[in-house]
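Novice: Structure incoming, see below.
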Amino acid sequence: MSNIRFKALELAMTRSRRQMDIFPDKVSDYFGELAFSKAVMRDYMSREAYHSVMRAAETGERIDRGVADQVASAMKAWALSKKATHFTHWFHPLTGATAEKHDAFIQPSGDGKAIEMFNANELIQQEPDASSFPSGGIRNTFEARGYTAWDPTSPAFILDRTLCIPTIFVSYTGEALDYKTPLLKASLALDKEAVAVCNYFDKNIARVYATLGWEQEYFLVDTALYNARPDLVLTGRTLFGHSSAKDQQLSDHYFGIIPEKVIDFMREFEYEAHRLGIPVRTRHNEVAPNQFECAPVYEEVNVAVDHNQLLMHLLEKVSKRHGYTVLLHEKPYAGVNGSGKHNNWSMSTDLGENLLSPGKTPKSNLRFLTFLVNILKALDTNADILRAYIASAGNDLRLGAHEAPPAIISAFIGTQLTETLDMIEKLGKKALSKTGESNGNNINIPRIPEILMDNTDRNRTSPFAFTGNKFEFRAVGSSSSCAKPMIVLNLIVADQLKKFRNDVDKLIAEKVRKEEAILQVISRYIAESRRIRFEGNSYSEEWIKEAAKRGLSNIPDTPHAMKSLLRKEAIRIFEEHNVLTEREIRARYEIKLENYVRKIQIESRVMGDLAINHIIPISIRYQNQLIDNVKGLKEVLDNKTYVALSKNQLDTIREISEHISIIRDRVIKMTEARRLVNRITDIEKQAVAYKEKVLVFFDEIRYHADKLELMVDNEIWPLPKYRELLFIR
50 MSNIRFKALE LAMTRSRRQM DIFPDKVSDY FGELAFSKAV MRDYMSREAY
100 HSVMRAAETG ERIDRGVADQ VASAMKAWAL SKKATHFTHW FHPLTGATAE
150 KHDAFIQPSG DGKAIEMFNA NELIQQEPDA SSFPSGGIRN TFEARGYTAW
200 DPTSPAFILD RTLCIPTIFV SYTGEALDYK TPLLKASLAL DKEAVAVCNY
250 FDKNIARVYA TLGWEQEYFL VDTALYNARP DLVLTGRTLF GHSSAKDQQL
300 SDHYFGIIPE KVIDFMREFE YEAHRLGIPV RTRHNEVAPN QFECAPVYEE
350 VNVAVDHNQL LMHLLEKVSK RHGYTVLLHE KPYAGVNGSG KHNNWSMSTD
400 LGENLLSPGK TPKSNLRFLT FLVNILKALD TNADILRAYI ASAGNDLRLG
450 AHEAPPAIIS AFIGTQLTET LDMIEKLGKK ALSKTGESNG NNINIPRIPE
500 ILMDNTDRNR TSPFAFTGNK FEFRAVGSSS SCAKPMIVLN LIVADQLKKF
550 RNDVDKLIAE KVRKEEAILQ VISRYIAESR RIRFEGNSYS EEWIKEAAKR
600 GLSNIPDTPH AMKSLLRKEA IRIFEEHNVL TEREIRARYE IKLENYVRKI
650 QIESRVMGDL AINHIIPISI RYQNQLIDNV KGLKEVLDNK TYVALSKNQL
700 DTIREISEHI SIIRDRVIKM TEARRLVNRI TDIEKQAVAY KEKVLVFFDE
750 IRYHADKLEL MVDNEIWPLP KYRELLFIR
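Residue numbers (my numbering): 50 to 778.
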């Protein structure tokens, strides 16, 4: 294998730069040119059709068939002007990736020629084969029919000369087989409940929508070195390899000068993203060697989710042009920082107001506090559901590893807001002034500055931190779809706002004036959700003990985290707001656990194969070289000199034998454990058994393999874990 290693190193070291030949002067000249945006629709569609699509996007109003034909005609004309030849319904199946089936625009005309055709039927609904997508038992594998339906809230776009139409994906019997459908439903539930609460303060607010700004972290590895590592290729992470002498100890990569070859990649990647209307704005080096991050301007949550899915595709596609491979695994290298996807979440009104921005008047501050406290209350009540939706085999390796938040869900709001909430809780009914006026302008609550970022430091260890005008959910994994946490976050906040409105209306019915009723309920919620707030170091052992005293869950792995989805209260929330049925929830539960089991299965098989067929043979070869050396010394040296000079070789020979013996024994035991676990038919018990009976061998096999690698560093394969990260210059 050494020839492969050195050839890979040579390719990595001699790889030349790839720079775009032509680069437009301004991003604004080409931004969104491949997206069927509002501006494009206004140019290509009649006023009637345009406003019909806008109403459908904002209120869910059905689009008339005649208008749908106009939309299809306009979309086709625009796509053909961009040299598109095919169209596809682009959807998010429960694999976590995206899916598409391409159809050409052409239709034979009967005279040996063809014309371009695209009608309302093809725009609105398609029937892809759903048999091979995961369904969690909702359907049999021989039942092939599934439906995709156009989502007018997210703009169509052109990718590789194909018109991509964002759609939902449902079964023949109507169950959601994707992430977009429940996301749209959860957003609708939040809109309904948030508007009702907003109307306490402003009757003119008619719509509230969640906003999302994600931060995507990733590793960049030379493709030659990547292909020389079967564990990276097959599992997305390195299963073996000792640490490099230098990795991130000096923190010199973080925010450092971006290497020229990486800048070339980033420029081309951002160019492609901007053409598709993805508002990528930020780029920088992350903490680990060859780890990077990009982030866009925030958008409406459904569009932001689509754009993140599209961006992950672009990262992989464009990186290959430059001879690199993008790693989106949450923990591709043990010992250095993994990758997350911070979800910056807030809510905005149709009047352009951010509901999580503190106001300038007591009344607007009361509205801000209303939403802030309800979010904290929702988090406190439903933390386990949120934890379940960020659980995965990859994220289990990252959470709590001192570069990511712990598995304990808590919220950070800063010193000033903490003092404000404590004061309101203490005052209770006395928080209101005594004047009896009800216009809301004389509410006796502490003044909150409009900009909070400078009033308190940020807590980078908190999984759910308030950062001035939004919450940053930092526990999401880098390879995950943003839809998963956004479904839950929108839903639990909607459910809590509904409870809040019921509590307030009950007091108002008892003749308590509105502002007083709101503050009474807020004061109670502050006390009830106090345990979820933590301002200290979430990495500390003290916090683990403190969280246990507070009754907060600390769920370290996916099999145990997923159990919360089947609790009666979790099912009630999803069903009451028409987001998912119990059957759909159970299907997702099955799919998540099956995915977890299969990933551990693959890693276990790869680990056993590499240990037995790659690491041990090369170690034995090196050991034989030492044996020959020892025999040669004995032949040419006197006995006293031989004993003195051969001691190190003999010790190494014995040590290699010990490591080889242990590795073989543990691989055999791991394989047998895997076979026994695979016989378990209950998926929950099987997933737990993989965690407790198979994963237990991983660290021990890796430890002894790494010891062998240190002794045979110039010969053994695979490469040390981090060395390949140092070859992008």
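A virtual CB, placed ideally from N, CA and C, is assigned to each residue, including glycine.
What is the DSSP secondary structure of C343, reduced to helix, strand or coil?
Specialist: For this step, residue 343 is matched to residue 294 along the sequence shown. Reduced to three states, the DSSP call for C343 is strand.
Novice: Could you name the residues of the same chain whose beta carbon sits closer than 7 Å to that of Q68, not counting the 5 residues immediately before and after it, in chain order?
Specialist: Walking along the sequence shown from the start, residue 68 turns up at place 19. Once the five neighbours on either side are set aside, the close Cβ partners of Q68 are D313.
Novice: Using the Cβ count rule (16 or more neighbours within 10 Å means buried), how would you classify I53?
Specialist: Mapped onto the sequence shown, residue 53 falls at position 4. Per the 10 Å Cβ criterion, exposed.
Novice: Considering only C-alpha positions, which residue in the set V385, A121, I536 is nearest to N168?
Specialist: Here residue 168 refers to the residue found at position 119 of the sequence shown. Of V385, A121, I536, the residue nearest in Cα terms is A121.
Novice: With a threshold of 8 Å on Cβ separation, who are the neighbours of V570 within its own chain once the five nearest residues in sequence on each side are excluded?
Specialist: Position 521 of the sequence shown holds residue 570. Once the five neighbours on either side are set aside, the close Cβ partners of V570 are F549, D552, V553, L556.
Novice: At what residues does the beta strand (DSSP E) containing E165 begin and finish?
Specialist: As a position in the sequence shown, residue 165 is number 116, starting the count at 1. Taken as a continuous stretch (DSSP letters only), the beta strand (DSSP E) holding E165 covers 163-165.
Novice: For F206, which of helix, strand or coil comes out of DSSP?
Specialist: Taking the first residue of the sequence shown as position 1, residue 206 is located at position 157. Strand.
Novice: Is it the case that the segment 616-628 contacts the segment 226-234, given that we only count it when at least three CB pairs across the two stretches are under 8 Å?
Specialist: Cβ pair count under 8 Å is three or more, so yes.
Novice: For T147 and F747, what's the separation of their Cα atoms in angstroms?
Specialist: Walking along the sequence shown from the start, residue 147 turns up at place 98. Walking along the sequence shown from the start, residue 747 turns up at place 698. Cα to Cα, T147 sits roughly 31 Å from F747.
Novice: Name the residue from Q175, Q174, G185, T134 whose alpha carbon lies nearest to the alpha carbon of I164.
Specialist: Here residue 164 corresponds to residue number 115 of the sequence shown, with the count starting at 1. Checked all of Q175, Q174, G185, T134; the closest Cα to I164 is T134.
Novice: Exposed or buried, which one is D271 when buried takes at least 16 other CB atoms within 10 Å?
Specialist: Numbered from 1 along the sequence shown, position 222 holds the residue referred to as residue 271. By the neighbour-count rule (16 or more Cβ atoms within 10 Å), D271 is buried.
Novice: Within 10 angstroms of the Cβ of A738, are there 16 or more other Cβ atoms? Answer buried if so, exposed if not.
Specialist: Counting from one through the sequence shown, the residue named residue 738 turns up at place 689. With 16 or more Cβ atoms within 10 Å of its Cβ, A738 is classed as buried.
Novice: Where does E521 fall in DSSP's three states?
Specialist: Working through the sequence shown from its first residue, we reach residue 521 at position 472. Of the three classes helix, strand and coil, the one that applies to E521 here is strand, per DSSP.
Novice: Would you list the residues sitting across from K390 in a DSSP beta bridge?
Specialist: If you number the sequence shown from 1, residue 390 lands on position 341. Per DSSP, Q265.
Novice: Could you work out which residue in E639, R703, I651, K740 is closest to P605 when comparing CA atoms only?
Specialist: As a working mapping, residue 605 is identified with position 556 in the sequence shown. Looking at the Cα atoms, K740 is the closest of the given residues.
Novice: For L363, is the classification buried or exposed, using 16 other Cβ atoms within 10 angstroms of its Cβ as the cut-off for buried?
Specialist: As a working mapping, residue 363 is identified with position 314 in the sequence shown. Buried.
Novice: Is the CB-CB distance between P204 and S86 below 8 Å?
Specialist: The residue you call residue 204 lines up with position 155 of the sequence shown. The residue you call residue 86 lines up with position 37 of the sequence shown. The answer is yes: Cβ separation under 8 Å.
Novice: V329 lies in the beta strand (DSSP E); which residues open and close that run?
Specialist: Your numbering for residue 329 matches position 280 in the sequence shown. Segment 329-334, the beta strand (DSSP E) holding V329.
Novice: Assign F72 to buried or exposed, taking buried as 16 or more other Cβ atoms, counted over all protein chains shown, within 10 Å of its Cβ.
Specialist: For the purposes of this step, residue 72 is taken as residue 23 along the sequence shown, with counting starting at 1. By the neighbour-count rule (16 or more Cβ atoms within 10 Å), F72 is not buried but exposed.
Novice: In the DSSP assignment, find the unbroken alpha helix (DSSP H) run with T144 in it and report its ends.
Specialist: Here residue 144 refers to the residue found at position 95 when the sequence shown is read from its first residue. Premise fails: T144 is in no alpha helix (DSSP H) and is neither H nor E.
Novice: So D152 and T137 are supposed to be a Cβ contact under 8 Å. How far apart are they, rounded?
Specialist: On the sequence shown, position 103 is the one that residue 152 refers to. On the sequence shown, position 88 is the one that residue 137 refers to. Yes, they are in contact, since the Cβ atoms of D152 and T137 sit about 7 Å apart, within 8 Å.
Novice: Can you pull the DSSP bridge partners for C531?
Specialist: In the sequence shown, the residue the question calls residue 531 occupies position 482. Answer is none; C531 lacks a bridge partner.
Novice: What is the residue span of the beta strand (DSSP E) that Q156 lies within?
Specialist: Here the question's residue 156 lines up with position 107 in the sequence shown. Unbroken beta strand (DSSP E) run through Q156: 155-157.
Novice: By how many angstroms is the C-alpha of Y303 removed from the C-alpha of D296?
Specialist: In the sequence shown, counting from the first residue as 1, residue 296 sits at position 247. In the sequence shown, counting from the first residue as 1, residue 303 sits at position 254. Rounded to whole angstroms, D296 to Y303 spans 12 Å at the Cα level.
Novice: What's the call for Q340, buried or exposed, on a 16-neighbour Cβ count within 10 Å?
Specialist: Numbered from its first residue, the sequence shown carries residue 340 at position 291. Classification of Q340: buried, given that the 10 Å Cβ count is 16 or more.
Novice: Smallest Cα separation from L288: which of R751, R104, I536, R647?
Specialist: Along the sequence shown, one-based indexing puts residue 288 at 239. Of the candidates R751, R104, I536, R647, the one whose C-alpha sits nearest the C-alpha of L288 is R751.
Novice: May I have a chain-ordered list of the beta strand (DSSP E) segments no shorter than 3 residues that lie completely inside the segment 572-600?
Specialist: The segment 572-600 contains no whole beta strand (DSSP E) run of 3 or more residues.
Novice: Between D429 and R580, is the Cβ-Cβ spacing less than 8 Å?
Specialist: What you label residue 429 is simply residue 380 of the sequence shown in a count that begins at 1. What you label residue 580 is simply residue 531 of the sequence shown in a count that begins at 1. Yes; because the gap between Cβ atoms is below 8 Å, this pair is in contact.
Novice: How is H291 classed by DSSP in three states: helix, strand or coil?
Specialist: Stepping through the sequence shown from its first residue, residue 291 is reached at position 242. Of the three classes helix, strand and coil, the one that applies to H291 here is coil, per DSSP.
Novice: Considering only the beta carbon of each residue, do N536 and E643 sit closer than 8 Å?
Specialist: The residue you call residue 536 lines up with position 487 of the sequence shown. The residue you call residue 643 lines up with position 594 of the sequence shown. Per the sequence shown, residue 536 should be read as Ile rather than Asn. Result no, Cβ atoms of I536 and E643 do not sit closer than 8 Å.
Novice: Can you check whether the C-beta of V76 is within less than 8 Å of a C-beta belonging to chain D?
Specialist: The structure shown contains no chain D; it is built from a single protein chain.
Novice: Considering Cα atoms alone, identify which of K683, V311, F218 is closest to R64.
Specialist: The residue labelled residue 64 in the question sits at position 15 within the sequence shown. Of the listed residues, the one whose Cα sits closest to R64 is V311.
Novice: Got a sec? Which residues, its chain only, sit under 6 Å from Q358 by beta carbon, not counting five neighbours each side?
Specialist: In the sequence shown, counting from the first residue as 1, residue 358 sits at position 309. Cβ within range, chain order: T147.
Novice: Using the beta-carbon count (16 or more within 10 Å), is R286 buried or exposed?
Specialist: The sequence position of residue 286 within the sequence shown is 237, counting from 1. R286 is buried by the Cβ-count criterion.
Novice: Here's the rule: buried if 16 or more other CB atoms are within 10 angstroms of the residue's CB, otherwise exposed. What is R853?
Specialist: Outside the displayed range of the chain (50 to 778) lies residue 853, so it cannot be described from this structure.
Novice: Under 6 Å Cβ to Cβ from F515, same chain only, skipping five residues before and after it: list those, please.
Specialist: Counting from 1 along the sequence shown, the entry for residue 515 is found at position 466. Only I462 meet the Cβ criterion.
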